[in-house]
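Everything on this sheet refers to the single structure shown next.
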Amino acid sequence: MLKILFLLCFSFIINPVCAQDSLRMSTTTSTENSGLLKVLNPAFEKRHNVHLNIIAVGTGKALRLGENGDVDVVFVHAPAAELKFIKEGFG
């Protein structure tokens, strides 16, 4: 179920950047260390014909990379920080 949700969410996000060969995504070290991305990324890359470049950092740094436009996608797990990020016009 989580795999389907991830792919569905990224399907909507990816459309504007499909012309790119790669997609930069910041995420947290805990997400990277969980092994989740190793399971999900191959299916996503195959479906969208794009390579994911993962930058695993702390939540604050992952969001700052998004604010600065250094990444195309931010994938974190901090609801309050995510809402602030969106309310400030970054997502």
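For the sequence shown, the numbering used here assigns the number 87 to the last residue and increments by one with no breaks. No residue lacks a Cβ here, since even glycine has one placed at the ideal position from N, Cα and C.
By the three-class DSSP mapping on this structure, what secondary structure does residue i have?
{"i": "Ala58", "result": "helix"}
{"i": "Leu1", "result": "Residue placement at Leu1 cannot be trusted, given a pLDDT of 49 that sits under 50; what the coordinates show is reported in the next sentence. DSSP places Leu1 in helix when its eight states are reduced to three."}
Residue range of the alpha helix (DSSP H) that residue i falls in?
{"i": "Val35", "result": "Leu32 to His44"}
{"i": "Ala52", "result": "Not the alpha helix (DSSP H): Ala52 falls in the beta strand (DSSP E), residues His47 to Val53."}
{"i": "Phe81", "result": "Pro75 to Lys83"}
Residue i lies in the beta strand (DSSP E); which residues open and close that run?
{"i": "Phe71", "result": "Val69 to Phe71"}
Excluding the 5 residues flanking residue i on each side, which residues of the same chain have their C-beta closer than 8 Å to its C-beta?
{"i": "Gly87", "result": "Gly62, Val70, Glu78 and Phe81"}
{"i": "Glu84", "result": "Glu63"}
{"i": "Lys57", "result": "Ser22"}
Less than 7 Å between C-beta atoms, sequence neighbours within five positions excluded: which residues of the same chain meet that for residue i?
{"i": "Leu59", "result": "Val70, Val72, Ala77 and Phe81"}
Return the residue from the list the options that minimises the CA-CA distance to residue i.
{"i": "Gln16", "options": "Leu48, Thr24, Ser30 and Thr55", "result": "Leu48"}
{"i": "Thr55", "options": "Leu33, Glu28, Ala74 and His44", "result": "Ala74"}
Any contact between the segment 35 to 42 and the segment 68 to 81? By contact I mean 3 or more CB pairs, one from each, below 8 Å.
At 8 Å Cβ cutoff, the stretches do not touch.
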